[in-house]
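All residue numbers for the sequence shown refer to my numbering, where the first residue is 25 and numbers rise by one. In this text, a Cβ means the ideal position worked out from N, Cα and C, and glycines have one as well. Given the structure is predicted, the values throughout are model-derived calculations rather than measurements. Read the structure below first, then the notes.
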Amino acid sequence: MTAKTVGQMAQSTTKLQLDAITVIGLFTGPQGDTALIRTGKGEIHKIAAGDRVAGLTILAITDRQVQLRDHRGRTYELTLPDAA
25 MTAKTVGQMA
35 QSTTKLQLDA
45 ITVIGLFTGP
55 QGDTALIRTG
65 KGEIHKIAAG
75 DRVAGLTILA
85 ITDRQVQLRD
95 HRGRTYELTL
105 PDAA
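So, in C-alpha cells, the structure goes:
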C-alpha cells in the first residue's frame with residue numbers, strides 16, 4: 025500500500041457499519057500478518073490467524089483481506105473500506 029493510498033483511506037468519508045465486524049487495518053511483516061478489527065459492539069481487537077473473536081475463527085490475513093469462519097463452517101472475507 026502506498027503512502028498516498030493510506031492517506032486517502034485515513035481521510036475517507038465512507039461510513040463504517042457499526043453493527044458488523046469491520047476491518048480497520050491490515051499489517052504484514054516478518055513476524056506474521058495481523059489486522060485490527062472493530063466488532064459490532066465497538067470493541068477493537070488486534071488479531072492473527074488462529075485467533076477467535078466474536079464467535080469467529082480467523083483463518084488468514086493478507087495485505088488485502090481477513091478470512092474468517094463462523095461456528096457453522098461458513099467462511100467470509102473482509103476487506104478494508106474503500107478509500108473514497
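{"Item": "Own chain residues within Cβ distance below 6 Å of His69, not counting five before or after", "Value": "Ile61 and Val77"}
{"Item": "Whether Thr99 touches Gln89 by CB criterion (7 Å)", "Value": "no"}
{"Item": "Per-residue DSSP class, three states only, for Lys70", "Value": "strand"}
{"Item": "Best match in Gly56, Pro54 and Asp87 for proximity to Glu48 [C-alpha to C-alpha]", "Value": "It is worth fixing the name first, because residue 48 is Ile in this sequence and not Glu. It is Asp87 whose Cα lies nearest to the Cα of Ile48."}
{"Item": "Boundaries (first-last residue) of the beta strand (DSSP E) holding Ile48", "Value": "Thr46 to Phe51"}
{"Item": "Delimiting residues of the beta strand (DSSP E) encompassing Gly55", "Value": "Before going on, a small fix: residue 55 reads as Gln here, not Gly. Premise fails: Gln55 is in no beta strand (DSSP E) and is neither H nor E."}
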